[in-house]
Structure formats: structure tokens, C-alpha cells
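**Student:**
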Amino acid sequence: MSFLSGLLRFRTPAGVPCQQVVEMVTDYVEGVMPTVERRRLEHHLTGCAHCTEYLAQIRETIRLAGRVSPEDLTPGMRAELTDLYRRWRTEG
Amino acid sequence: MDADTALLARLRDGDEQAFTELVGRYHSPMLRLALSFVSSQAVAEEVVQDTWLAMLRGLDRFEERSSLRTWLFTILVNRARSTGVREARTVPVADAGPVVDASRFGPNGAWAVPPAHWAEEAENRIDAVKLSGLLRGGLDGLPGRQREVVVLRDVEGMSSAEVCQVLAISEANQRVLLHRGRSKLRQVLESELGGRPR
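Protein chains in written order, with the numbering used here: chain A, 38 to 129; chain B, 42 to 239.
#1: Within the continuous alpha helix (DSSP H) that includes A/Val59, where are the two ends?
#2: For B/Leu113, is the classification buried or exposed, using 16 other Cβ atoms within 10 angstroms of its Cβ as the cut-off for buried?
#3: Compute the Euclidean distance between the alpha carbons of A/Arg100 and B/Arg98, then round it to the nearest angstrom.
#4: List the residues of chain A that B/Gln90 touches, going by C-beta distances under 8 Å, in chain order.
#5: Listing by chain order, which chain B residues have their CB less than 9 Å from the CB of A/Glu90?
#6: If we define contact as Cβ-Cβ less than 8 Å, is B/Glu104 a contact residue for chain A?
#7: Within this structure, are the beta carbons of B/Arg216 and A/Thr63 separated by less than 8 Å?
#8: Once you ignore the five residues that flank B/Ala75 on each side, which residues in its own chain have a CB closer than 7 Å to its CB?
#9: Kindly indicate which three-state DSSP category B/Phe103 falls into: helix, strand or coil?
#10: Between A/Ala102 and B/Val196, what straight-line distance do the alpha-carbon atoms span, to the nearest angstrom?
#11: Does the beta-carbon of A/Leu44 have 16 or more other beta-carbons within 10 angstroms, so that it is buried, or is it exposed?
#12: Cβ closer than 8 Å: which chain D residues qualify as neighbours of B/Pro139?
#13: Let me know if B/Val162 comes out buried or exposed under the rule of 16 or more other beta-carbons within 10 Å of its beta-carbon.
#14: For B/Ser232, which option in B/Leu172, B/Leu208 and B/Asn214 has the closest C-alpha, if you only look at C-alpha atoms?
#15: Using a C-beta to C-beta distance shorter than 9 Å, which residues of chain A count as neighbours of B/Glu57?
#16: Does chain A have any CB closer than 8 Å to the CB of B/Val170?
#17: Please classify B/Leu49: does DSSP put it in a helix, a strand, or coil?
#18: Please determine, among A/Leu118, A/Gly52 and A/Arg123, the residue with the shortest C-alpha to C-alpha distance to A/Glu74.
#19: In the structure shown, what three-state DSSP assignment does B/Trp159 receive?
#20: Please list the partners that A/Leu110 has in chain B, where partner means a Cβ-to-Cβ separation under 8 Å.
#21: Leaving out five residues on either side along the sequence, give the residues of the same chain with a beta carbon under 7 Å from the beta carbon of A/Arg48.
#22: Rank B/Pro156, B/Trp93 and B/Gly55 by C-alpha distance to the C-alpha of A/Leu92 and give the top, closest one.
#23: Just to make sure I have the definition right: I need the residues of chain A whose C-beta is within less than 7 Å of the C-beta of B/Asp195. Which are they?
#24: Would you call B/Gly198 buried or exposed, if buried means 16 or more other Cβ atoms sit within 10 Å of its Cβ?
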């Protein structure tokens with residue numbers, strides 16, 4: 038290990054602290070991060086299993102939210118809306 | 042032609058079934074969204090019903106410059122907002138502060154209490170009904186603005202541009218709300234799944 042890389046080991050990967058990474062994940066996931074920042078973040082991720090897990094959890098949260106299905110409409114609500122439609126049809 | 046465009050054409054032809062299908066698709070997400078503006082389920086239901094009627098009455102004038110869904114949700118948000126204002130309900134301001142508690146990091150900003158591993162295991166470790174309830178509860182617990190954005194983006198699957206149009210907010214604002222909302226939803230899952238260390 039060279040002196041320089043030895044020194045770098047004492048810093049958080051790529052100089053981005055994990056605490057900052059968790060604030061950057063949305064910009065990253067949304068694809069709106071400037072290239073330089075994105076590279077710094079990705080560099081950090083390659084060396085940090087915890088932030089990698091955190092990012093994976095955010096992605097999983099998004100995926101699972103997408104599977105929340107709307108609550109079923111009650112028959113009463115459906116009937117009410119059908120009435121509303123029929124009233125509108127006769128409005129002329 | 043996407044499903045909504047086809048429905049729009051049928052609606053304009055006076056097809057009642059098309060209306061029923063549209064209701065089945067959007068009534069519940071609209072209700073959930075309305076609830077973040079007004080104070081009660083009853084008022085939210087009224088707002089959604091008004092929205093359906095406004096949509097039907099506006100069918101002839103709708104120029105399709107946006108999708109049917111964007112148009113529908115925009116009508117809803119406008120009505121819900123004005124109702125919310127009439128009710129003098131205070132809109133919760135966006136909370137500040139870090140999305141992960143500062144106590145979980147050491148003085149150099151590295152994880153001191155790192156996240157436990159569960160990212161690929163959520164569905165194996167919690168049954169579907171409980172998971173769904175957990176996420177619904179988490180969404181309902183978000184401050185209004187964050188809930189609006191997360192519901193539209195992640196539950197409804199709208200694009201950020203669509204969400205900005207519907208809620209009349211900027212892209213940057215949308216992202217801040219999304220960031221806070223998603224982070225809180227992750228925390229809800231973590232509180233259920235995160236206990237077991239790797």
C-alpha cells in the first residue's frame with residue numbers, strides 16, 4: 038500500500054461521508070445528479086456496503102410502494118357514482 | 042392508443058361502462074390524495090365526487106394537451122385545495138433536518154449504526170397483507186405534501202413532470218418532498234425489518 042492510498046483509507050470513500058450520501062440518494066435515483074457528483078457517489082458506493090444497502094432499501098421501498106393497490110370501492114360508492122353518471126347524462 | 046385514451050373515446054361516446062372502469066382505476070388514489078388536503082373522509086369523498094362530475098362536464102372542452110389522468114388529478118387538486126382553504130386547514134410545512142437520524146453516524150459522518158440487511162427480503166419476511174398495511178399506514182402518516190408526491194409518483198406511477206403539473210410545484214420542490222417522503226417510508230419498513238443484524 039502506498040503512503041497516499043494509506044492516507045486515503047482514513048477518509049470515507051471518495052470523500053463523501055455516509056451521512057451525506059443518504060441525503061443524495063433521491064437525486065441519484067431520479068437521475069438528476071451532475072456527472073461529477075454522481076461519480077463521487079458511485080465511487081463511494083463501491084467501497085461502502087452500508088450505503089449500498091441503504092440505496093437498495095430506498096429502491097425496494099419505491100418498488101413496494103408501487104404495489105400498494107387501491108382499496109376496493111365499496112358497492113355503495115360504486116352505485117353512488119353510477120347514479121352521478123346517469124344524472125349527468127340527463128343534464129342535457 | 043393507451044388505455045386512458047381508449048377510455049376517453051368511449052366516454053365521449055356516452056359509454057357508461059367506460060366511466061365505471063375509470064372510477065375503478067382512479068377513485069381510490071384520488072380519495073387518498075384528497076385526504077391530504079381536507080380534514081375528513083366525508084369531505085374528501087365529496088371532493089372526489091365533484092371531480093368526477095367536473096370531468097364529465099368538461100369532456101367536450103378537454104383538448105388532450107395532457108393525459109386524461111393528469112387532467113383528472115389536476116381538477117382534483119384544484120378542488121381539494123380550495124376546499125381545504127375554505128376549511129381553513131393549515132397545510133403542514135415541510136419538515137427540515139436529516140432524513141436519517143444523526144445519532145446513527147459517527148463524528149466522521151460514517152455509519153455508526155448501519156442499516157441491517159433486508160433490501161431483497163422484505164417480501165419473504167413479511168406477508169403480503171401485513172406489508173400492504175404497513176405501507177398504507179406509512180403513506181397515511183406522511184405530512185400532506187410529501188404524501189401527495191409519493192402517492193402520485195410511487196403508488197400511481199406518474200412521472201415527475203406529471204406530478205409537478207398536477208400539484209403545480211417545481212421539479213426541485215417535488216424532489217425535496219419525494220426525498221423526505223421516501224426516506225420516511227423506508228424507515229417504516231426498517232422499523233419492521235431492520236432489527237435483525239446481518
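For glycine and all other residues, C-beta sits at the position ideal for the given N, C-alpha and C. A quick note: this is a predicted structure, and the numbers were derived from the prediction, not measured.
**Tutor:** Straight from the coordinates:
#1: Element bounds for A/Val59: Cys55 to Val66.
#2: B/Leu113 is buried by the Cβ-count criterion.
#3: A direct Cα-to-Cα measurement between A/Arg100 and B/Arg98 gives close to 36 Å.
#4: Chain-order list of chain A residues neighbouring B/Gln90: Glu117, Leu118 and Leu121, by C-beta distance under 8 Å.
#5: At a beta-carbon threshold of 9 Å, the residues of chain B lying near A/Glu90 are Pro155, Pro156, Ala157, His158, Trp159, Ala160 and Arg239, ordered along the chain.
#6: Taking Cβ atoms only, chain A never reaches closer than 8 Å to B/Glu104, which makes this a no.
#7: Result yes, Cβ atoms of B/Arg216 and A/Thr63 sit closer than 8 Å.
#8: So the qualifying residues of the chain are Ala85, Val88, Val89, Leu117 and Ala121.
#9: Here B/Phe103 sits in coil by DSSP.
#10: Going from the Cα of A/Ala102 to the Cα of B/Val196 covers about 5 Å.
#11: In this prediction, A/Leu44 scores a pLDDT of 46, lower than 50, which makes its location untrustworthy; no coordinate-derived value is stated.
#12: The chain inventory of the structure shown lacks chain D, comprising the protein chains A and B.
#13: The sequence given here has Glu at residue 162 of chain B, not Val. Flag for B/Glu162 reads exposed.
#14: Between B/Ser232 and the set B/Leu172, B/Leu208 and B/Asn214, the nearest pair of CA atoms involves B/Leu172.
#15: Result: Thr119, Tyr122, Arg123 and Arg126.
#16: False, the Cβ-Cβ gap to chain A never drops below 8 Å.
#17: In the structure shown, the three-state DSSP call for B/Leu49 is helix.
#18: Ranking the options by Cα distance to A/Glu74, first place goes to A/Gly52.
#19: In the three-state scheme derived from DSSP, where H, G and I count as helix and E and B as strand, B/Trp159 is classed as coil.
#20: Going along chain B in sequence order, the residues near A/Leu110 (Cβ under 8 Å) are Val64, Gly65, His68 and Ser69.
#21: Only weak support is given to the placement of A/Arg48: the predicted model assigns it a pLDDT of 48, under 50, and the value that follows is read from those uncertain coordinates. Correct list: empty, nothing qualifies.
#22: Ranked by how close their Cα comes to the Cα of A/Leu92, the residues B/Pro156, B/Trp93 and B/Gly55 have B/Pro156 in first place.
#23: Neighbours of B/Asp195 on chain A, chain order: Ile99, Ala102 and Gly103.
#24: B/Gly198 should be labelled exposed.
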